[in-house]
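Engineer: Just passing along the structure, written as C-alpha cells.
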Amino acid sequence: MAKKIYTINLPAMYADHHVIEVRRLLMDVPGVSDVYASSGFQVAEIETEDTVEETTLIEILEKAGYIGELAIDGEIEITAAEAGGKSKIFRHSALYEQTSQAVSFTQVVPSGSKALWPCPGLGPITRVEE
C-alpha cells in the first residue's frame, strides 16, 4: 500500500508531555504507522496508509485541543481607567514614597471552568468514594 505523509501545525503543543499525548492519540488511529511530533516547532508529521484522511487526524487533534491558537489574555497598554472595564486582566502595583519604586504587584486573572490550554493528565480532581 502507498504511504502518505501529513504535516499538521499544532500551536497548543508546547511541551514534551504534549508530544507524548499527541503521539498516543495519533498512533491509536488505524492506518497510522509513524508520528514525528515536535513541541519546539509545534508541528506533527504523520505517516499513514493511503486510506487515512487528513481530516480524521485534524478532527482528533482538534477535539484534544491542540489545533487553534492559545486563548491567553494579556495586559493592555492603557490604564484601567482608560480601558473603561474592557480589560479582563488588570495588574495592581504598589509604589512607596520612601523608595520611589514599585516594590510589588499582584495580578487578577479570572478563573474559568476549564484550563486555558490542553494539558494531558491535568484536569479537575474528582474525589473517589471508597
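Numbered as in our numbering, the sequence shown ends at 138 without a single skipped number.
Cβ coordinates follow ideal geometry from the N, Cα and C atoms, glycine included.
Report yes if the C-beta distance between E55 and V43 is below 9 Å; otherwise report no.
Structural biologist: Your numbering for residue 55 matches position 47 in the sequence shown. Your numbering for residue 43 matches position 35 in the sequence shown. In this structure, the beta-carbon distance from E55 to V43 falls below 9 Å.
Engineer: I'd like to confirm the pairing. Which residues does DSSP put opposite I75 in its beta bridges?
Structural biologist: Start at 1 with the first residue of the sequence shown, and residue 75 comes out as number 67. DSSP, once it has assigned bridges, lists no residue as partnering I75.
Engineer: Any idea which residues DSSP pairs Y44 with across the strands?
Structural biologist: Taking the first residue of the sequence shown as position 1, residue 44 is located at position 36. In the DSSP output, where bridge partners are listed per residue, Y44 has E53.
Engineer: Between which two residues does the alpha helix (DSSP H) carrying E105 extend?
Structural biologist: Within the sequence shown, numbered from 1, the residue matching residue 105 stands at position 97. That residue, E105, is in no alpha helix (DSSP H); it is neither H nor E in DSSP.
Engineer: Looking at the strands, I want to know which residues DSSP matches up with Y14.
Structural biologist: Within the sequence shown, numbered from 1, the residue matching residue 14 stands at position 6. Looking at the DSSP assignment, Y14 forms a beta bridge with I54.
Engineer: Under DSSP, the alpha helix (DSSP H) around M35 begins and ends at which residues?
Structural biologist: Mapped onto the sequence shown, residue 35 falls at position 27. Taken as a continuous stretch (DSSP letters only), the alpha helix (DSSP H) holding M35 covers D24 to M35.
Engineer: Spatial neighbours of V40 within its chain, please: C-beta separation below 7 Å, excluding the five flanking residues on both sides.
Structural biologist: Within the sequence shown, numbered from 1, the residue matching residue 40 stands at position 32. Hits under 7 Å: L34, I54, T56 and V60.
Engineer: Here's a check: name, in chain order, each residue in its chain whose Cβ is nearer than 7 Å to the Cβ of A23, leaving out the five neighbours to either side.
Structural biologist: Residue numbering aside, residue 23 sits at position 15 when the sequence shown is read from its first letter. Cβ neighbours of A23 beyond the five flanking positions: S47.
Engineer: In whole angstroms, what is the alpha-carbon distance linking L69 and A10?
Structural biologist: Taking the first residue of the sequence shown as 1, we reach residue 69 at position 61. Taking the first residue of the sequence shown as 1, we reach residue 10 at position 2. Going from the Cα of L69 to the Cα of A10 covers about 24 Å.
Engineer: Taking 9 Å as the threshold (beta carbon to beta carbon), is E67 in contact with chain C?
Structural biologist: The chain labelled as chain C is not found in the depicted structure, where only one protein chain is given.
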